[in-house]
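Residue numbers (our numbering): 114 to 673. Input: a single structure, listed below in structure tokens.
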């Protein structure tokens with residue numbers, strides 16, 4: 114009974130975390146976005162054929178749309194789909210479970226370093242702060258990678274006294290780099306920091322059991338060395354190429370500044386060049402990760418990873434966060450451990466700062482749970498005053514309730530478009546009319562419609578659905594590479610077009626990006642056009658429409 118009483122606070126916190134993560138998970142967020150759909154369909158294809166959508170047998174990296182997704186989340190999703198089917202619940206379940214495990218290991222790690230009181234409040238904040246809660250409710254590799262990182266670091270500290278736990282730590286941290294790309298930058302740097310700070314203890318642990326230590330080294334080599342080689346290949350660097358600071362636009366900007374300046378050629382090249390541009394952009398990106406606007410006021414700009422105009426952390430925590438950081442830096446007790454925590458805080462934003470669109474909510478997820486820890490340290494510094502803790506918990510419960518209400522209602526309604534809402538309804542209507550048309554033309558405006566048709570076709574056994582092998586062996590399948598991306602222009606009787614490829618004159622050809630073309634008129638073939646509002650050739654007849662949750666039209670159906 115005594116043991117249960119001691120564990121009761123963390124049990125209650127995990128229970129709270131579970132309730133707010135599982136509630137309405139099939140419909141909040143409002144639909145599966147294109148990355149979740151890709152996870153789900155590739156997992157389904159693996160489960161039923163052993164191959165991904167490209168026909169690759171059990172790949173260690175998934176080409177997908179050309180963004181080359183890391184494998185761990187997809188394989189775990191295949192297991193989830195085996196039990197729960199091709200459903201939003203099955204696809205998001207690994208992330209939900211990961212979020213709960215992160216709460217538990219955040220508690221264990223912080224308890225090991227700072228004690229029970231700090232660990233309990235930190236775990237509560239990990240459970241309910243918008244940053245960790247939001248990312249635990251979508252099928253995100255980053256959220257799963259965080260679980261491996263936090264648990265791996267816990268066993269890293271435990272491994273200073275136990276070689277077996279050091280082995281487990283390297284295994285978990287190694288798996289994280291095959292889960293999410295930010296971990297590939299962050300984890301090696303953090304391991305180096307730990308090695309420098311705790312070199313003597315690591316050597317002593319290794320000497321306790323040389324055979325087990327040899328196994329640890331072997332696991333590390335197996336997981337980390339292939340990652341290094343993969344990063345040198347196109348598949349390993351493709352994702353970064355799409356989001357890198359230096360791209361064609363940056364090069365054009367550098368050239369423009371050289372042409373605009375009145376400086377001579379040599380000074381101009383010394384000032385305006387790629388290294389200087391990169392260093393400036395990286396510095397601006399990096400600093401932005403620690404500013405109040407990003408953390409507490411507006412959050413980041415990508416609406417698939419946070420509620421717009423709402424901080425990643427509650428506004429009441431702003432003072433405690435910076436106070437906690439100062440206290441961590443100031444306190445010299447257990448200074449090596451605190452230097453490691455500081456390294457975690459400072460290294461977390463590095464991967465995200467290397468990209469455009471920073472600061473970014475998801476790419477910076479590897480920083481968790483350190484912000485929650487700093488907030489807790491700041492609170493505990495002031496909590497000796499009477500009723501302070503009660504007042505804080507009361508205020509944060511109000512803020513939390515307000516956030517949940519906003520997230521589950523107005524955010525879901527007003528930003529359903531950012532989750533590609535409407536594709537499920539579009540697929541259902543397409544199935545309804547499938548037999549009536551020779552060609553079905555679908556807009557690419559909202560992103561990769563072929564994947565949604567594959568997913569919902571498999572989920573609902575629609576008429577175009579066949580086993581995964583029939584898709585990647587389809588003689589009508591047209592895929593091509595352009596701008597570091599793989600595009601699908603056709604499969605089965607479907608044709609996929611950009612909005613600007615829809616001709617507005619009757620009888621004109623549709624010319625696709627892959628240079629193939631076709632016509633739709635009464636004498637040639639009967640066509641169904643699924644397009645964005647009003648983007649239609651003359652003389653076509655509207656028959657259906659699909660709306661976003663805010664009432665705005667998403668798709669319109671026309672026939673000829």
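Ideal Cβ positions, reconstructed from N, Cα and C, are used throughout, including at glycine. The structure presented is a predicted model; accordingly, all values stated were derived computationally and were not measured.
If you draw a straight line from the Cα of residue 535 to the Cα of residue 322, it is about 58 Å long. Between residue 316 and residue 262, the CB-CB gap reaches or exceeds 9 Å. Under the three-state reduction of DSSP output, residue 526 falls in the helix class.
Each of 411, 538, 257, 181 was checked against the Cα of residue 151, and the nearest Cα belongs to 181.
Of all alpha-carbon atoms in 331, 337, 275, 318, the one lying nearest the alpha-carbon of residue 304 is that of 337. Residue nearest to residue 269 within the set 240, 280, 557 is 280 (criterion: CA-CA distance).
In the three-state reduction of the DSSP assignment, residue 612 falls in the helix class.
Cβ-Cβ distances below 6 Å link residue 418 to 474, 475 in the same chain, with the five nearest sequence neighbours on each side left out; the list follows chain order. Within the stretch 279-351, the complete alpha helix (DSSP H) segments of 4 residues or longer fall at 294-310, 312-321, 323-344, listed in chain order.
Annotation for residue 666: the continuous beta strand (DSSP E) segment containing it runs 666-672.
In the three-state reduction of the DSSP assignment, residue 169 falls in the coil class, being assigned neither a helical nor a strand state. Short of 8 Å from the beta carbon of residue 605, and not among the five residues preceding or following it, lie these beta carbons of its own chain, in chain order: 577, 587, 589. At a cut-off of 3 residues, not a single continuous stretch assigned as beta strand (DSSP E) sits fully inside the stretch 406-485. The beta carbon of residue 432 is closer than 8 Å to those of 491 in its chain, skipping five residues each way along the sequence.
Per DSSP, reduced to three states, the secondary structure at residue 594 is strand. The beta carbons of residue 600 and residue 626 sit about 6 Å from each other, so the pair counts as a contact at 8 Å. Between residue 331 and residue 572 the beta-carbon gap is near 41 Å, outside 8 Å, which marks them as no contact. Bounds of the beta strand (DSSP E) holding residue 600 are 599-604.
The beta-bridge partner set that DSSP reports for residue 640 consists of 552. For residue 655, the beta-bridge partners assigned by DSSP are 671.
The Cβ atoms of residue 201 and residue 139 lie closer than 9 Å to each other. Sorting 131, 230, 461 by C-alpha distance to the C-alpha of residue 119 places 230 at the top. Rounded to whole angstroms, the separation of the alpha carbons of residue 360 and residue 371 is 17 Å. For residue 224, the uninterrupted alpha helix (DSSP H) segment begins and ends at 201-227.
Looking at the backbone, the Cα of residue 394 and that of residue 122 are separated by about 44 Å. Under the three-state reduction of DSSP output, residue 496 falls in the coil class, being neither helix nor strand. Distance from the CA of residue 189 to the CA of residue 486, rounded to the nearest whole angstrom, comes to 29 Å.
Between residue 193 and residue 203, the C-beta gap is smaller than 9 Å, which places the two residues in contact.
CA-to-CA, the gap between residue 595 and residue 602 works out to about 12 Å.
Between residue 235 and residue 543, the CB-CB gap reaches or exceeds 9 Å. Each of 613, 135, 568 was checked against the Cα of residue 213, and the nearest Cα belongs to 135.
The shortest CA-to-CA distance from residue 561 to any of 223, 554, 147 is the one to 147.
Distances from the CA of residue 464 to each of 450, 455, 480 were compared; the closest alpha carbon is that of 480. Annotation: the continuous alpha helix (DSSP H) that includes residue 243 extends over 243-248. Ranked by how close their Cα comes to the Cα of residue 154, the residues 195, 428, 127, 143 have 195 in first place. Taking residue 158 as reference, the option from 511, 584, 613, 633 with the minimal CA-CA separation is 584.
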